[in-house]
Each structure stands twice: as structure tokens, then as C-alpha cells.
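Chemist: I am attaching a structure below and will ask some questions about it afterwards.
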Amino acid sequence: MTTPTFNFSSNELKDFKAIPAGETAFESIGKSNNKAQQREVEHGEEGHDELNQNNNNINSNSADTDNKDVNDQASDDDLDNADDDKFVQAAFQIFLDLNQQLQSTSGLDTIMTTANSFGEIQPHPTGPSRQQHATLVNQSLLSFLGLLETRINEASPGSSTQDSLINNFHIIKCLVALYFSSTLHRPTQSERTHHLLLPILEWVNIMDPRPTLDDTTDIMECNPAAGHPYFWPYIYTLACRGLFKQCSNSLSYSGLFPNCSETQRVLTLARRLLDSYPLENLTSFAFRQWHASTIVAQEVLTLESPNMDPATKLSLKTLFEILKGNSNIIASNTTTWPEALAARLLFNDPTDASIGDHYKWAESVHSEDITDSVIVACGYLLQGRILDAIRLCKGNSKHAGSQLVAAYMANYCDLRGLLDTYNINGQRSGSAVRDWLIIDHAKSCLQKETLAPIGIYLLEYIITESDEPSMDQSVQECRDLIAAYLPTHPFSSVDALTWALTICERLDLTTTQIAIYESRAHQYVRDRHFLDAIVTFERAGQMNQVRHYSWLLFETALVLGQPSLDPLLHQVVNHRANCTMVISSKVADCLAPYAVLSQFLTSISQGALSDPQAILALLAFPYMEKKYIPLLVCHAVSSLAKMDLSGLAALVAALDNNETDKKGLELVSRASLVDRAKLNKGDWRLDTRLELANGARRVLLQVRGLIAKAVASTYLSSV
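Following the working numbering, the numbering of the sequence shown begins with 67 at its first residue and continues without gaps.
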């Protein structure tokens, strides 16, 4: 299969599909940090400590690692690898749960929405079933994001594992903010961008948490805080990032001219503006009401505060200009395009522009750092270049976690229809890329026995999800991978074997099923479970192997003078009526010589006089190999006294025709070398009349002599 390449440009995204607007799945930043903000009332620093702790949740574990040496780093990575399997399993469980939920709501169509090349949300009207579909996918992605955060916190601080997962977390956080933070109700014109605001604020403040805790401590511990040279930049940063409660409280504890009524009046107006921003109800009407208040506050500052300190007046004017949405002032008081984007979304009417327009402006005033893969990937997402963002997500590192994240990220996007417009020659190339990423992740799973079932499931998922499996190259690759892997899997239980065989039946992999049987049969042989091996060879259609191992069992028992120790084989041979294992007539026919010999040897080991008919029946068996006949005659020594003349004559005839057979002589020699201490009572080698040390030919000559004596004795007794 030709591996798909990521070579799509924004110009190819004319019909790019995105999700429609709706309610955000995230709580507001102010709401999520209420406890911190309430404690900040007593002191700006105290509340900010906790707020920064919340915002740094993802990033904090990567600090203070610069002094680690190479050996420590390698050790940390080893520890991280120990948790990777659990991460893969937990991520797969989320994937599996979503799959089952979507199947239970069968009949739901793929969510079809559209967006321009900069991700402007333009949804089609959709029904309740599609909304349910979107809700399930959104919730699942949030669960996956939570799992990723947990894995980051468990990783060794500063390790390559943690670094790559943190980068991926921020990319997916941006993806969620833009495309997965709403349900599917069709937004009104006045809700054009407001549903994106809270998720984007959360993404910006988690990805690049500022002001930092150290900066906050340094500024707010200054007496007065407003006397610190960076107090006002600190205030502007809080405002641009939507941290209004913290900004308001910092102004309250600023120590700005407490005895100046004009200053205090304007500060009160500024705090009221910050506290009243309609963050959770940002309709166009609510925003315009709030925006009108900023104009009134600025007029008070300009026209009614003649005695205010000029520097303070200028600083407050800058704050009001930010709140009014002055693009130049926002650009001057932000340092990155995500921060500028957040401010533009906050302080512009939701109906004024699309998210794409705001992004283009933000990127124009703060160019992207092309060395920062996270910033570049998030820029791609805002442009609607989903696959380019996924490519960077996968390329963050060679760590398996990046591979996993990219695969599931692509799958979530495909489920929401975000990849539908990637077409080459009428084919859905976006889904082909998703398939490639999932296949790549599945391959890594197949490298570990514990994760192999996950890999197989993912490959089968690609097969079953394909619209045209016969034409889909990904489907053929998945079938080939499954066919190549399953026979090599070390099946540790019957359930595991049944699982593999069921997959073969489901996918019509007949050749693979045969290969699994063969592989398992050879493993049974290595484990000395001979009956299981023979039965499994028959299921594989390998009758040559069935005959081979049946005769091998016979030969081993013949040489050692003892039946096989395989308990199941013993039960089938000696207690077949009570045996739970069913064997076919073909297997029974192949095992018949061994069964007869086994019963003969068992009777000898129990001290009973052996029945000569067993040996005579084996000698008369038309398919008995010549090499076994000399040794069979030797085993008859213990039964000579019970034979009649016809039986003795059969022994003589058998020797006459086969005593010079080279392979037969080798078997007699091998049997003669068996330790006597291991022989059962009644074994022919314990007969003191035989001298085993003189070679096979001498042994057979002595056996012939014993038979001759038995013939004479039998003849005389019958006269």
C-alpha cells in the first residue's frame, strides 16, 4: 500500500467541513477558578497563586529538570515506558466505549458541516440523531484529553515522553476549542463566535500561563503594588486573557492614590467593567450593552478627572482602550498571536468577524514562531488545515504516545466529518490518512503480546468501517497484517485461540486459520501435548503431520517400552468412553497402532501376563513400517509361553523378512541402550537369557533362539 502523504494546502479546503456552533462543553475560566479568586480578595497574590497553579497543571511537571544528567534522563524514559502499555489500554477503552455507543445508536448519519478555509463555522441544519452523535464524540474526546493529562502528570518530569505528550495535549486542546466544544444546534448570527470564546481562553491560559506565579508574587508584594514598574503590563495581560476577577482584585489592592477621589472613582468603574463582562452569556446584545459602559467609563476618565495623576490616567486609558477592543492597543500589549486572538474575541462584537478573521489579524501582528510545533499546529487548526495539524502532532517525537494521539485525533476528526473534503480523484483521502495513522498505531501494538489484541481490533475496525472494502488499499493492508501476525501470537489460553480463529472466520482468512492451527500444533508438540497436536494438525488439514506424529508416538513407546505421559492421550486410549475430547475417525485410525501398543505395554507394567494377540495384530497390520517389525518381535519375548504354533510361526516369518533391515537394527540398538532402572516389570529387556550388550544382530539371534525353543516346547506339549 502506498503511504498517504500530507501535502494539502489551505487552497484545497474550499469545502472544508467543521462543526456548527453551540453550547461550550467547558466551564468558564472565571467559574473554574472561583475559589482562587475569592481568596484573592484579601490579597491579590494569594488567589493568583492558586489560579496559576490551576493554569500550570499540565506544564508544572516539566520544570526543574535542567540539572539531570544523561543517565538520569534515560532512567526516566525507561520508567515512562513502563506506563505506556496502561496508557494505550486506557485510550483504547475510550475508543471502544465510543464505538459501542455509536453502534447502539445505529442509523445515525455522519455529521456534515462546512467551514471556509479559515475555519468559520457554517453548519447545515441537523436532526436530533446527529446532535446525539456529535455529543457522544465530543464527550469521548474530552475523556481522551483527560486521560492524556493524567498520563502527562504520571510521566517523569522533563522526560522526552512528558514533553511530547504536553505538546500533543495543547494541540488537541486547541482542536477541542475550535471544533468539539459545541453541540449541534444551529447558532444565530449573534452567536457567531461567542461559543468559541471560553474554550479558546482556556486553551490559551493553559498552553502559555501568564502572568507567571513569580511575576505575580513580585508585583503584588511590592508596596504599593502599583509602584512596581510592571504593574500595568501585568494588569493588561490579565485583561487580554479574560482573567477579569483577578484583574479586578489586583486593581483593588493596587494602592493607587487611596486619597484621590477621582482615581478611586475611575478604579471603581474599571473594576465594575471587569466584573460585569458577560462571559457566560456573550450574545451580541449583551456585549453591546457592556461595551457601551466602557465608553462611559472612558468619558469619565477623560472629562471628569482633571486632577488625576497623568501617568495613572494614561495607564487607565490604555486599559479602557483594550476593553473597547482597540486593535492597535491590544497588539501593543500582547506578545503572542494566541494571546492577541483571545483579546480580539473578548472585546469585539461576536457578529463583527469570524474566528478566521480574528486569527489572520492576530497572526499579522505577532508572527508565528515556526520552530514551535504547537503554535504552528494550532495555526493550522485555525486555518482549517486539520491534516497538517495532525501531521505535526504525530511528528512531535518518535515516542509511541505521539503516534497514538495522532491516530485517535484523526479518528475523532473523521467521526465529526472534518476530513470529508480531503479528496483526491474523488476518493476520501482524509479517511485514508486516518486509516494510515490507526494502522501505524496498530503495528506498534502488535509488537507487544499484551497489546496485540488492541492492534488486531484497530485493524479490523478499519476493515469494517470501509465503504468499499474490495477497493480500499487500507483494508487490504489490514487484512495482510492480521494474516501475518495471528499465526505468530503465543496463545496462552483456549480463549485466545478461539478469539484468533473467530477473527479468521469473520474476515474469511482461511489460509491464516490453517497457519494458526499449524503454529499451535507445533507448540503443542513442544509442550509434549501430543494428542492436542495431532488433532490440531488435522484441523489444519495436515494429515501428513497427523500420520507423522502418530507413528512417532508409536516409535517412542516401542523403544522406551512405556506409553506417552500425555494424560489426555492416555485417557483417549484407555478410557475413550469417558473422554470429553472428541476425535475424528481419521485421527483414530492413525492412532490405532499406538493405542494397541500402549495397552500392551500398560498390561506388562501392571505385572499381568501380556496378551500375544496385540503384538501379532501389529505384525499383521498391512501399513506397519518394516523398521518396527524386529523390535515388535523382541517385545513378544514376554508372551512366547502364551502363543500357539501359528503365532510363533508368524514371529519367525517376521524375523526372516526383516531382521536385516538397517533402520530396524538401529531401533533394536536404541532399545537395548535404555537404562534398565527405567524399564517396567515384564519388559523383554529384563529377560536374563538375552545379552543386550552384544549388538542388535546378536540380540535378534538370541530372540530367534528363544522363539525356536518356544516352538519346540509348544509342539511337544501338543503331541
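All C-beta atoms in this analysis are idealised placements derived from N, C-alpha and C, irrespective of residue type, glycine included.
With a CB to CB cut of under 7 Å and the five nearest residues on each side skipped, what residues in its chain are close to A408?
Modeler: I266, L267, V270, C306, R307 and G308
Chemist: Which residue's Cα is closest to the Cα of L767: M475, Y583, V703 and C459?
Modeler: Comparing Cα-Cα distances from L767 to each of M475, Y583, V703 and C459, the minimum goes to V703.
Chemist: Which full runs of the beta strand (DSSP E) of 3+ residues lie inside the segment 301-337, going along the chain?
Modeler: Within the segment 301-337, no beta strand (DSSP E) run of at least 3 residues lies entirely inside it.
Chemist: Tell me the DSSP secondary structure of L484 in three-state form.
Modeler: coil
Chemist: To the nearest whole angstrom, what separates the beta carbons of I160 and S206, a pair I think is in contact under 8 Å?
Modeler: 6 Å
Chemist: Thinking C-alpha only, which one of E287, S784 and V653 is nearest V639?
Modeler: V653
Chemist: Enumerate in chain order the residues of its own chain whose CB-to-CB distance from K383 is below 8 Å, with the five nearest sequence positions on each side excluded.
Modeler: Q364, L367 and T368
Chemist: Note down the Cα distance separating L335 from S318, rounded to an integer number of angstroms.
Modeler: 11 Å
Chemist: Looking at Q469 and D501, is the spacing between their C-beta atoms short of 7 Å?
Modeler: no
Chemist: Helix, strand or coil, according to DSSP, for C459 in the structure here?
Modeler: Of the three classes helix, strand and coil, the one that applies to C459 here is helix, per DSSP.
Chemist: So, are the CB atoms of I548 and L524 less than 7 Å apart?
Modeler: no
Chemist: Output needed for C288: all residues of its chain with C-beta closer than 7 Å, excluding positions within five of it in sequence on either side, in chain order.
Modeler: In the same chain as C288, and ignoring 5 residues on each side of it, the C-beta atoms closer than 7 Å to its own belong to H294, in chain order.
Chemist: What residue does the alpha helix (DSSP H) around M273 start on, and which one ends it?
Modeler: H260 to M273
Chemist: I'd like the span of the alpha helix (DSSP H) that includes I285, first residue to last.
Modeler: L279 to M286
Chemist: Between L685 and T780, is the Cβ-Cβ spacing less than 7 Å?
Modeler: no
Chemist: If you run the structure through DSSP and keep just helix, strand and coil, what is I436?
Modeler: coil
Chemist: Give me the Cβ distance between N234 and V442, rounded to the nearest whole Å; I'm assuming they're in contact under 8 Å.
Modeler: With 8 Å as the limit, N234 and V442 do not qualify as a contact, their Cβ atoms being about 14 Å apart.
Chemist: Kindly give me the distance between the Cβ atoms of V718 and I773, rounded to whole angstroms, as I take these residues to be in contact under 8 Å.
Modeler: 6 Å
Chemist: Please report the straight-line C-alpha distance between L680 and Y551, rounded to a whole angstrom.
Modeler: With the sequence shown as reference, residue 680 is identified as Ala, and Leu is not the correct amino acid for it. C-alpha separation (whole angstroms): 46 Å.
Chemist: Could you tell me whether the segment 204-221 touches the segment 239-246, using the rule of 3 or more Cβ pairs below 8 Å?
Modeler: By the Cβ rule, the segment 204-221 counts as touching the segment 239-246, because three or more pairs are nearer than 8 Å.
Chemist: Measure the Cβ-Cβ separation of L484 and I528 and say whether it is below 7 Å.
Modeler: no
Chemist: For L714, which of A778, S664 and F666 has the nearest alpha-carbon?
Modeler: That would be A778, whose Cα lies nearest to the Cα of L714.
Chemist: Report the rounded CA-to-CA distance for P223 versus G422, giving the unit in angstroms.
Modeler: 36 Å
Chemist: Quick one: using the 10 Å Cβ neighbour count with 16 as the cut-off for buried, is L162 buried or exposed?
Modeler: exposed
Chemist: At which residue ranges does the segment 193-247 contain complete alpha helix (DSSP H) runs of 4 or more residues, listed in the order of the chain?
Modeler: Restricted to the segment 193-247, the alpha helix (DSSP H) segments that are unbroken, complete and at least 4 residues in length are 194-220 and 226-245, listed in chain order.
Chemist: Just tell me which of S350, K379, R354 and T303 has its CA closest to the CA of R331.
Modeler: K379
Chemist: Between the alpha carbons of E732 and D574, how many angstroms are there, rounded?
Modeler: Their backbone Cα atoms lie some 47 Å apart in a straight line.
Chemist: Output the residue ranges of the alpha helix (DSSP H) runs that lie fully inside the segment 588-646 and measure 4 residues or longer, sorted by chain position.
Modeler: 596-605, 609-626 and 633-640
Chemist: Distance check for A720 and S705, CA to CA, integer angstroms please.
Modeler: Here the alpha carbon of S705 sits roughly 16 Å from the alpha carbon of A720.
Chemist: Please report the Cβ distance between D415 and S350, rounded to the nearest whole angstrom; I am assuming they are in contact, meaning their Cβ atoms lie under 8 Å.
Modeler: With 8 Å as the limit, D415 and S350 qualify as a contact, their Cβ atoms being about 6 Å apart.
Chemist: What number of angstroms, rounded off, separates the C-alpha of A157 from the C-alpha of T216?
Modeler: Distance between the alpha carbons of A157 and T216: 11 Å.
Chemist: Buried or exposed: A762, going by 16 or more other Cβ atoms within 10 Å of its Cβ?
Modeler: buried
Chemist: Does the segment 389-407 come close enough to the segment 427-446 that 3 or more CB-CB pairs lie under 8 Å?
Modeler: Taking a cut-off of 8 Å for Cβ pairs, the segment 427-446 and the segment 389-407 touch, as three or more such pairs fall below it.
Chemist: So what does DSSP say about H357, is it helix, strand or coil?
Modeler: helix
Chemist: Given this structure, state the Cα-to-Cα distance separating T613 from E584, to the nearest angstrom.
Modeler: Before going on, a small fix: residue 613 reads as Arg here, not Thr. If I take the Cα positions, the gap works out to 14 Å.
Chemist: Between the Cα of V56 and the Cα atoms of M273, R410, N325 and Q155, which residue gives the shortest distance?
Modeler: No information on residue 56 is available, as it lies outside the stretch 67 to 785 that the chain covers here.
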